[in-house]
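Participant:
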Amino acid sequence: MTEQESLLEFPCRFSLKAMGLAGDDFDALVVEIVRRHVPDLHEGSVKSRPSSAGKYLSITVTFEAESRAQLDAIYQDLTDHERVLMSL
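This is the structure:
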């Protein structure tokens, strides 16, 4: 799908979610990966939620997406990291 065929119109507000094993710094890891591509990411743009048993942590990051290529690069970096089990 090309950028012209995308269902999103850029720039747009976008939320992505990354899940991994709960750890003291998993949220910081996700923020660091996203910040490589979104340098002006605000701390208030990040929300975390533990699983019911506390084993996993879900991090949601909301930001202004500039292009499909930017989103693809963020998702690629997240899925490439061994601590990120899933990204949506």
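If you use the working numbering, the sequence shown corresponds to residues 294 to 381, in order. Glycine residues also receive a C-beta, built at the ideal position from the N, C-alpha and C atoms. Nothing here was measured: the structure is a model prediction, and the numbers come from that model.
#1: Using only CA atoms, which one of D317, V324 and D318 lies nearest to S308?
#2: To the nearest angstrom, how far is it from the Cα of R376 to the Cα of Y368?
#3: Quick one: what's got a C-beta closer than 6 angstroms to C305's C-beta in the same chain, skipping five residues either side?
#4: Can you tell me where the alpha helix (DSSP H) with A366 in it begins and where it stops?
#5: So, is L314 buried or exposed, given that buried needs 16 or more other C-beta atoms within 10 angstroms?
#6: Using a Cβ-Cβ cutoff of less than 6 angstroms, which residues in the same chain neighbour R328 once the five nearest sequence positions on both sides are dropped?
Facilitator: Taking the geometry as given:
#1: V324
#2: 14 angstroms
#3: A358
#4: R361 to D373
#5: exposed
#6: L334
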